[in-house]
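Beneath this line is the structure, given in structure tokens, with notes to follow.
Residue numbers (full-length UniProt numbering): 1 to 140.
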């Protein structure tokens, strides 16, 4: 098996090189994106308590009513561009973007950054991680 692998590498150096290049680029992209502008649930709690951060929940209204972080503002992602003016008074505060699983908050984060919200961050793992960590949610 190992002999066949070495033979393949010797016979197809360009293919192996391209694979290694793509693999390295993918790893670099993932490392950069996972570290960039994301906070854990405990870091988010500290931001809320120490710097009066605003939590922006971008889930739909039904999900928001089923359970959300206390004091969170609900603006669904589909309506964010039209309702950004509601957040203008919070430009100087940190804004924590929360979604369902932490995957769709990147798009909202990009919109906020483009609109001038320099301290916007996403909640890693979203509301699923928040609840998995046993942190409180409000149902109203």
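Note that the Cβ used here is the ideal one computed from N, Cα and C, for glycine as well.
How would you write the range of the beta strand (DSSP E) that residue 161 sits in, first residue to last? The chain is shown only over 1 to 140; residue 161 falls outside these bounds and no answer can be derived.
Could you check where the alpha helix (DSSP H) with residue 9 kicks off and where it finishes? Locating residue 9 in the chain shown gives position 9, where the first residue counts as 1. Looking at the DSSP string, the run of the alpha helix (DSSP H) that includes residue 9 is 2 to 11.
Whose CA, out of 103, 7, 61, 113, lies closest to the CA of residue 30? Within the chain shown, numbered from 1, the residue matching residue 30 stands at position 30. Cα-wise, what sits closest to residue 30 is 103.
Residues sharing a beta bridge with residue 57, DSSP: Within the chain shown, the letter at position 57 stands for residue 57. Residue 57 pairs with 74, 98.
What three-state label does DSSP hand residue 123 in the structure shown? Position 123 of the chain shown, counted from the start, is the residue given in the question as residue 123. If DSSP states are grouped into helix, strand and coil, residue 123 belongs with the strands.
Leaving out the 5 sequence neighbours to the left and right, which residues in its chain are closer than 7 Å to residue 81 when beta-carbon positions are compared? Translated into positions along the chain shown, residue 81 becomes position 81. Cβ within range, chain order: 111.
Specify, as a first and last residue, the run of the alpha helix (DSSP H) that residue 49 falls within. Start at 1 with the first residue of the chain shown, and residue 49 comes out as number 49. That run of the alpha helix (DSSP H) goes 41 to 51.
Find the nearest neighbour of residue 127 within the set 108, 63, 2, judged by alpha-carbon distance. In the chain shown, the residue the question calls residue 127 occupies position 127. The shortest C-alpha separation from residue 127 is found at 63.
For residue 38, list the residues DSSP reports as bridge partners. In the chain shown, the residue the question calls residue 38 occupies position 38. DSSP links residue 38 through a beta bridge to 122.
Beta-carbon proximity check, residue 96 vs residue 47, cutoff 8 Å: As a first step, residue 96 is located in the chain shown; it is residue number 96 there, counting from the start. As a first step, residue 47 is located in the chain shown; it is residue number 47 there, counting from the start. Yes, these two residues count as a Cβ contact at 8 Å.
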